[in-house]
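*Asks:* Residue numbers (my numbering), protein chains in the order written: chain A, 1 to 339; chain B, 340 to 678; chain C, 679 to 1017; chain D, 1018 to 1356.
From the three backbone atoms N, C-alpha and C, an ideal C-beta is built for every residue, glycine too.
Quick caveat, the model's predicted, so the values are computed rather than measured.
Number of protein chains: 4
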Amino acid sequence: MNMSKVKVGVAGLGRIGKVHAEIIFSRLEKAELVAVMDIVGELARTTAEKYKVKAYTDYDAMLKDPEIDAVYVTTPTNLHKEMIIKAAESGKHIFAEKPITVTVSEAVEAVKAAEKAGVKLMVGYMRRFDDAYRTAKKKISEGAIGNPLVFINVARDPGPPPGWAQDPRLSGGIFLDMLSHDFDMARFLVSREVKEVYVRGEAALYEEIKQKGDLDVVTISFEFEGGGYGLIHGSRKSVFGYDLRTEVMGTEGTIYIGSQTDPNLAVGTKQGLTYRGVQWFWSRFYDAYVSEGEAFINSILMDEKPPITGIDGLRAVEIAEACWESLREHKPVTVKRRL
Amino acid sequence: MNMSKVKVGVAGLGRIGKVHAEIIFSRLEKAELVAVMDIVGELARTTAEKYKVKAYTDYDAMLKDPEIDAVYVTTPTNLHKEMIIKAAESGKHIFAEKPITVTVSEAVEAVKAAEKAGVKLMVGYMRRFDDAYRTAKKKISEGAIGNPLVFINVARDPGPPPGWAQDPRLSGGIFLDMLSHDFDMARFLVSREVKEVYVRGEAALYEEIKQKGDLDVVTISFEFEGGGYGLIHGSRKSVFGYDLRTEVMGTEGTIYIGSQTDPNLAVGTKQGLTYRGVQWFWSRFYDAYVSEGEAFINSILMDEKPPITGIDGLRAVEIAEACWESLREHKPVTVKRRL
Amino acid sequence: MNMSKVKVGVAGLGRIGKVHAEIIFSRLEKAELVAVMDIVGELARTTAEKYKVKAYTDYDAMLKDPEIDAVYVTTPTNLHKEMIIKAAESGKHIFAEKPITVTVSEAVEAVKAAEKAGVKLMVGYMRRFDDAYRTAKKKISEGAIGNPLVFINVARDPGPPPGWAQDPRLSGGIFLDMLSHDFDMARFLVSREVKEVYVRGEAALYEEIKQKGDLDVVTISFEFEGGGYGLIHGSRKSVFGYDLRTEVMGTEGTIYIGSQTDPNLAVGTKQGLTYRGVQWFWSRFYDAYVSEGEAFINSILMDEKPPITGIDGLRAVEIAEACWESLREHKPVTVKRRL
Amino acid sequence: MNMSKVKVGVAGLGRIGKVHAEIIFSRLEKAELVAVMDIVGELARTTAEKYKVKAYTDYDAMLKDPEIDAVYVTTPTNLHKEMIIKAAESGKHIFAEKPITVTVSEAVEAVKAAEKAGVKLMVGYMRRFDDAYRTAKKKISEGAIGNPLVFINVARDPGPPPGWAQDPRLSGGIFLDMLSHDFDMARFLVSREVKEVYVRGEAALYEEIKQKGDLDVVTISFEFEGGGYGLIHGSRKSVFGYDLRTEVMGTEGTIYIGSQTDPNLAVGTKQGLTYRGVQWFWSRFYDAYVSEGEAFINSILMDEKPPITGIDGLRAVEIAEACWESLREHKPVTVKRRL
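Below, the structure is given as structure tokens:
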């Protein structure tokens, strides 16, 4: 692409949108933050002032800005489909926060729109850029553990999701909003598709989650296409901190990713040796967000396929829908692939 | 019971039988090893000489020995049923190595025989006496983690079982021979019965295991009666050592048991910091075997119910049978309870 | 102080100066980066462009800028004394990177100049703001380990210092450039002064360090005033990563800070379970640099004593000089306090 | 030597003597326990009954027993010298618990007596047989960490020594009774002699230790002959369990031995993740005691030099005496070698 720097606008200035704006401004050498947008005018204005860029409160208006090459869609998930399609139709490259959309049919529409417009569409499963996960992937590809046979993932958030993400109609619920990260890691690390899922779970921890129709404790057994098995457990509570651990066992070894404790401080008293938990994903994955941004910008500049495509985003939604069906039907459900 | 020391005979002098004999002789204050039995005469004789006790090659003959109060049944699993019943009929208390029998119907017979004869019958799920598991149980009972919601267990043996245990007709296969320990821990730690299991697995590691009709890599999703979920993964291979880890998440905390590494040695070179795996269960659980023996002897002397009953043994076999059925039928299967 | 935001100029744009500039710009809410200075014009210009601030190549010129409230002195150590004195005489508050100066007499001059001018002078021992060290300090203050008796510190850098810091005449050598952090932690955590040091060491690893008259492997035994002992080991080599660990044993417990491994990835093969080392101090202490900056800005706005004073900076230089003397004299040496 | 099994008598049935008797009886294939001796008749009799061996209350009488090939001297240290000399004069091989004697001159006498009599004399620094230390030694010998430069050892016992060992006149005090293990490891792992020591320490924890003239918290800086440095810290208190850690840094890597926590159980609550400490040396080093016994027996059967000689025992006492002198004189002290 014939440009020295990709000019970027960020649409949606909630916590994740703000992080992306900061990273684009201060860490991405080949990107330039040129605009920010939020329907809350005050938020758009103060953020724009900080970075001395343009402020929009209207998404359509921002899309008409000819200076902008690419947009970050960092709004609630239920708004993604329309925003992706509009951006595609405006010829802007698109970085969509995960998950790509709430439903499979929306995802199909979004992916097709980007394809038709010939713009890049990348979905923000940033763990792929975390140094530990990335190195694990490399080791597995190099054969360090032989043929991968079992993927196990424990994901416990310190608390329930804030704000709109508590509503499964807006967020897709626990299988999409939270655990689609873990399914993305299963696909990424093992390099096979998820074939069939079997789910058990309930809302056992928080009354508000129960009332909104979402779950907060789940277990998933699944099978990969072409061989291999997976177990995923997700919980919306972990009292001492973020507890995210993944392991992949192969015929010749096992790789372990993640830790439930911060090894940097231990207090030894008569009670024993007490470690602290790890901080939530912001600090754990900050560097991954930076690398993810670099990869998106590079895919535009080099005119290459983004490392996490719209299809990757779609797969996550397909799996989440199969999980909901397995829960309802109380039986193993085959994941249907739409594209 | 009116005796100062319980006089014990050990029947079956394979590796586990020898360990029990050594423990009874040198560690159990209230027990006295008086006889050992094996159909291999040489084995019986050399062991008997070491401890200066009687040697038998015929089980029936040993059971007629009036000096013997209790027998350890430490032969291949397929022999247990008959040996337990005979011991019961001879009025001897019985310690049966796990699993109690190969099939549910055999277990029912064995349990009934012991009940009818009024003798103690204890089954050797020694992890219940391991200090880590025992303390975990205590902490959970005291409410340290609130209401238990999720049980997760990873069990990877360093290699396939030796000798007769490779034949699932003699051993019950992976769900009974190996993973009944893990189901016993699920029942022990959570204090609820296993209600329904869903299994995936295959023989992916060893040709000889495949040919004998057993599995070497499995994943199990299950549900507890009264609430809560479980995930178990078992593998007959772990290239760097024994990898046994259990965790129980509750509403107020999580308990972690086991470790895949020995923290006592780390070698730091340019490749990183390399730890060794842990040794197999002999050294990990030696002290548990001692405590288990003490508990059995105490239950006789105090005339109390043994801490792991025949019913506990039966439960493990019921679950294993349900696992095989789930695998065959490719669907969740309810565990049927027979007693 | 009657200002909404402290306006800051950064003098010296080597790697640490650039990090401070970035932090002031993007992370310090109450500070505003208004100027950067480096004698390398290109460096000053490109950095100034990035943040849209003024560029200086002449330190005296920057000090005349009336907009500037405070300067960061982030040049090689041998330049600190003069720059601190000039800044003080210009009425600017001063943040000096550690160590404050190369020699004790320089430090005394610098401290006196700041006192005379009535400006804040803070020295950048950022570990005081690291969450692990800070929490350890808090726990010790609260009595979690009783009365502190022994301080142990192992500090192994992944490699020799880059550039000018290899010359002990410019940097003060290993006791000042590197280990003054560790002595600062001893004083910080135990809340007592260092009374007497005994040193052994040599240049055993790098020929270039030997030729410049510095050391690369040292061990220090010391005693606190008012009771308690310390052991410090420093090395300029650690082949698998940064190895920084501190422990404080008290009458009622022990606190451990730091870890030699990153727990987030382990690769288990036949060789064992291999962890990676931790990254060097940039990523380990990035958040500490941010908090340190906040503390400096707050001390100006609230007109309070900075949390790390010029006297703290002086103490480190006094100890380093005593270390060199102990090495030369091959005996324990009392640390002389000058202010 | 023309014998199938070495016939052993154990003299001194305190806790360590009992452990040796148990190991000789049940674990050493090539040894036969034939007698036990203690001046407390009841102790001698009950132990002898357990193993069906001879009981002695008089050491001289036991030495006259022609059936006995070798004696274990497991009495308080102050009795060792005379017992070793008598055993040597009776032509018995000798295993002496560490330390060999209380003073250097006693050690010289004991070593000379064994030499003159041509009997084996081995001293029980069992850590040399611990799998972690032994493997570390092997790795270092193979060059895994290059040239060893720094030895660091932290040794914290859970509590003060019991019984007679509290009296430094009987035990040699902290430098001999406790830390001679650590100096032995320094010599063993680095394969160099200790040249000079510098000590700081006091009795800060226990009034009874102070009154008896011993220390409970010490730090030692030392230098190896031929290059390399050492730091040792010892404490008679560690509130959450035995804390023994050793590390050796070389030009190409670092080896870490020991751990302050048992990784097998962690309880995660709002307070964090709490591990338990490790059990005291009995369980940590039980297998090492077994291997040590095997090595002693083998050295007799193969007529080879024992792996830990009387000279090794003497070195430990020489170092301990230099430590006491350094403490008194408050200066570095050269270790004088007597044989």
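Whole beta strand (DSSP E) runs in the region 916–986 of chain C with 3 or more residues, listed along the chain?
*Replies:* As far as the region 916–986 of chain C is concerned, its whole beta strand (DSSP E) runs of at least 3 residues are 921–928, 931–935, 939–947 and 950–955.
*Asks:* Report, in whole angstroms, the separation of the C-beta atoms of B:G649 and B:V533, which I expect to be a contact under 8 Å.
*Replies:* Here residue 649 of chain B refers to the residue found at position 310 when the second sequence is read from its first residue. Here residue 533 of chain B refers to the residue found at position 194 when the second sequence is read from its first residue. The pair is not a contact, with the Cβ atoms about 17 Å apart (cut-off 8 Å).
*Asks:* Count the other CB atoms, across all protein chains shown, that sit within 10 Å of the CB of A:N2; report buried if there are 16 or more and exposed otherwise.
*Replies:* Against the first sequence, residue 2 of chain A aligns to sequence position 2. At A:N2, the pLDDT of 49 sits below 50, so the modelled position is not reliable and the matter cannot be decided from this model.
*Asks:* Along the chain, where does the alpha helix (DSSP H) that runs through D:V1125 open and close?
*Replies:* Looking up residue 1125 of chain D in the fourth sequence gives position 108. Segment V1121 to A1134, the alpha helix (DSSP H) holding D:V1125.
*Asks:* Use the C-beta contact count for B:K391: other C-beta atoms within 10 angstroms, 16 or more gives buried, fewer gives exposed.
*Replies:* Position 52 of the second sequence, counted from the start, is the residue given in the question as residue 391 of chain B. Exposed.
*Asks:* If we ignore side chains and look at the alpha-carbon of each, how far apart do D:K1348 and D:Y1306 end up?
*Replies:* Reading the fourth sequence from its first residue, position 331 is the one you call residue 1348 of chain D. Reading the fourth sequence from its first residue, position 289 is the one you call residue 1306 of chain D. If I take the Cα positions, the gap works out to 37 Å.
*Asks:* For B:L367, count the other beta carbons within 10 Å of its own beta carbon; 16 or more makes it buried, fewer makes it exposed. Which is it?
*Replies:* For the purposes of this step, residue 367 of chain B is identified with residue 28 of the second sequence, where counting begins at 1. Counting Cβ neighbours within 10 Å, B:L367 comes out buried, since at least 16 surround it.
*Asks:* Got a sec: is the Cβ-Cβ distance from B:P487 to anything in chain D below 8 Å?
*Replies:* Position 148 of the second sequence, counting from 1, holds the residue named residue 487 of chain B. No, no contact with chain D.
*Asks:* Counting C-beta neighbours from all protein chains within 10 Å, is the total for B:S560 16 or more, i.e. buried, or is it exposed?
*Replies:* Locating residue 560 of chain B in the second sequence gives position 221, counting from the first residue. Result: buried.
*Asks:* Along the beta strand (DSSP E) that carries B:L666, what are the first and last residues, could you check?
*Replies:* By 1-based counting over the second sequence, the position of residue 666 of chain B is 327. Taken as a continuous stretch (DSSP letters only), B:L666 belongs to no beta strand (DSSP E), being part of the alpha helix (DSSP H) at G649 to E668.
*Asks:* In three-state terms, what does DSSP make of C:V674?
*Replies:* Because chain C in this structure spans residues 679 to 1017, residue 674 of chain C falls outside the shown range and cannot be described.
*Asks:* Unbroken beta strand (DSSP E) runs of length 3 or more, entirely within the region 369–402 of chain B: which are they?
*Replies:* Entirely contained in the region 369–402 of chain B, the beta strand (DSSP E) runs reaching 3 residues are, in chain order, 370–376 and 393–395.
*Asks:* Compute the distance between the beta-carbons of A:K5 and A:E22, then report whether it is under 8 Å.
*Replies:* As a position in the first sequence, residue 5 of chain A is number 5, starting the count at 1. As a position in the first sequence, residue 22 of chain A is number 22, starting the count at 1. Result no, Cβ atoms of A:K5 and A:E22 do not sit closer than 8 Å.
*Asks:* Where do the ends of the beta strand (DSSP E) carrying C:L867 lie?
*Replies:* Here residue 867 of chain C corresponds to residue number 189 of the third sequence, with the count starting at 1. From DSSP, C:L867 is part of no beta strand (DSSP E) but of the alpha helix (DSSP H) over S858 to V868.
*Asks:* Less than 7 Å between C-beta atoms, sequence neighbours within five positions excluded: which residues of the same chain meet that for D:E1123?
*Replies:* Sequence index remark: in the fourth sequence, residue 1123 of chain D carries index 106 (1-based). Around D:E1123: K1098.
*Asks:* Confirm, please, whether the CB-CB distance from D:G1275 to D:R1293 is below 8 Å.
*Replies:* For the purposes of this step, residue 1293 of chain D is taken as the residue at position 276 of the fourth sequence. For the purposes of this step, residue 1275 of chain D is taken as the residue at position 258 of the fourth sequence. For D:R1293 and D:G1275, no; Cβs fall outside 8 Å.
*Asks:* How many angstroms separate the CA atom of A:W324 from the CA atom of A:V199?
*Replies:* Working through the first sequence from its first residue, we reach residue 324 of chain A at position 324. Working through the first sequence from its first residue, we reach residue 199 of chain A at position 199. So the two alpha carbons sit approximately 8 Å from each other.
*Asks:* Applying a beta-carbon distance threshold of less than 7 Å, which residues of chain C neighbour B:R615?
*Replies:* Residue numbering aside, residue 615 of chain B sits at position 276 when the second sequence is read from its first letter. Within 7 Å Cβ-Cβ: G950.
*Asks:* Measuring alpha carbon to alpha carbon, tell me which of C:G837, C:G908 and C:T724 ends up nearest D:V1234.
*Replies:* Taking the first residue of the fourth sequence as 1, we reach residue 1234 of chain D at position 217. The shortest C-alpha separation from D:V1234 is found at C:G908.
*Asks:* Expressed to the nearest angstrom, what Euclidean distance is found between the alpha-carbon atoms of D:Y1259 and A:R328?
*Replies:* Against the fourth sequence, residue 1259 of chain D aligns to sequence position 242. Against the first sequence, residue 328 of chain A aligns to sequence position 328. So the alpha carbons of these two residues sit roughly 52 Å apart.
*Asks:* Name the chain D residues whose beta carbon is nearer than 9 Å to that of C:L883?
*Replies:* For the purposes of this step, residue 883 of chain C is identified with residue 205 of the third sequence, where counting begins at 1. Those are L1166 and T1268, listed as they occur along chain D.
*Asks:* Kindly list, in the order they appear in chain A, the residues whose Cβ is closer than 7 Å to that of D:T1278.
*Replies:* By 1-based counting over the fourth sequence, the position of residue 1278 of chain D is 261. L273, listed in chain order.
*Asks:* Enumerate in chain order the residues of its own chain whose CB-to-CB distance from B:A494 is below 6 Å, with the five nearest sequence positions on each side excluded.
*Replies:* Here residue 494 of chain B is taken as the residue at index 155 of the second sequence, counted from 1. D521, G573 and L583.
*Asks:* Take B:N486 and list the residues in its own chain whose beta-carbon comes closer than 7 Å to its own, dropping the five residues that flank it on each side.
*Replies:* In the second sequence, counting from the first residue as 1, residue 486 of chain B sits at position 147. Here the set comprises G589 and T590.
*Asks:* Give the interface partners of B:V347 over in chain D, defined as CB-CB distance under 7 Å, in chain order.
*Replies:* Start at 1 with the first residue of the second sequence, and residue 347 of chain B comes out as number 8. Simply none; closest approach about 16 Å.
*Asks:* What is the rounded straight-line gap between the Cα of A:A203 and the Cα of A:D177?
*Replies:* Stepping through the first sequence from its first residue, residue 203 of chain A is reached at position 203. Stepping through the first sequence from its first residue, residue 177 of chain A is reached at position 177. If I take the Cα positions, the gap works out to 15 Å.
*Asks:* Under 8 Å between C-beta atoms, does C:T725 make it to chain B?
*Replies:* Against the third sequence, residue 725 of chain C aligns to sequence position 47. No, no contact with chain B.
*Asks:* Per DSSP, D:G1251 forms a beta bridge with which residues?
*Replies:* Looking up residue 1251 of chain D in the fourth sequence gives position 234. D:G1251 is bridged to D:A1172 and D:V1235.
*Asks:* Please confirm whether B:F624 and B:D408 have their CB atoms less than 8 Å apart.
*Replies:* Here residue 624 of chain B refers to the residue found at position 285 of the second sequence. Here residue 408 of chain B refers to the residue found at position 69 of the second sequence. Their beta carbons are not under 8 Å apart, which means B:F624 does not touch B:D408 by this criterion.
*Asks:* For A:K331, return the contacting residues in chain B, with the cut-off set at a CB-CB distance below 8 Å.
*Replies:* On the first sequence, residue 331 of chain A is found 331 positions in, with the first residue counted as 1. The answer, in chain order, is K670 and P671.
*Asks:* What is the DSSP secondary structure of A:Y125, reduced to helix, strand or coil?
*Replies:* One-based indexing of the first sequence puts residue 125 of chain A at position 125. A:Y125 falls in the coil class under three-state DSSP.
*Asks:* Going by other Cβ atoms of all chains shown within 10 Å of its Cβ, with 16 needed for buried, is C:E775 buried or exposed?
*Replies:* Start at 1 with the first residue of the third sequence, and residue 775 of chain C comes out as number 97. C:E775 should be labelled buried.
*Asks:* Under 9 Å between beta-carbons, which chain A residues line up against B:S560? List them in chain order, please.
*Replies:* Start at 1 with the first residue of the second sequence, and residue 560 of chain B comes out as number 221. What B:S560 touches in chain A: Y198, V199, R200, T219, I220, S221 and L231.
*Asks:* Please state the DSSP three-state secondary structure of D:Y1215.
*Replies:* As a first step, residue 1215 of chain D is located in the fourth sequence; it is residue number 198 there, counting from the start. Of the three classes helix, strand and coil, the one that applies to D:Y1215 here is strand, per DSSP.
*Asks:* Tell me which residues share the same chain as C:E970 and place their Cβ nearer than 7 Å to its Cβ, disregarding the 5 neighbours each side in the sequence.
*Replies:* Position 292 of the third sequence, counting from 1, holds the residue named residue 970 of chain C. G802, M804 and F807, listed in sequence order.
*Asks:* If you scan the region 1077–1122 of chain D from start to end, which runs of the alpha helix (DSSP H) of 4 or more residues do you find wholly inside it?
*Replies:* Within the region 1077–1122 of chain D, the complete alpha helix (DSSP H) runs of at least 4 residues are 1097–1106.
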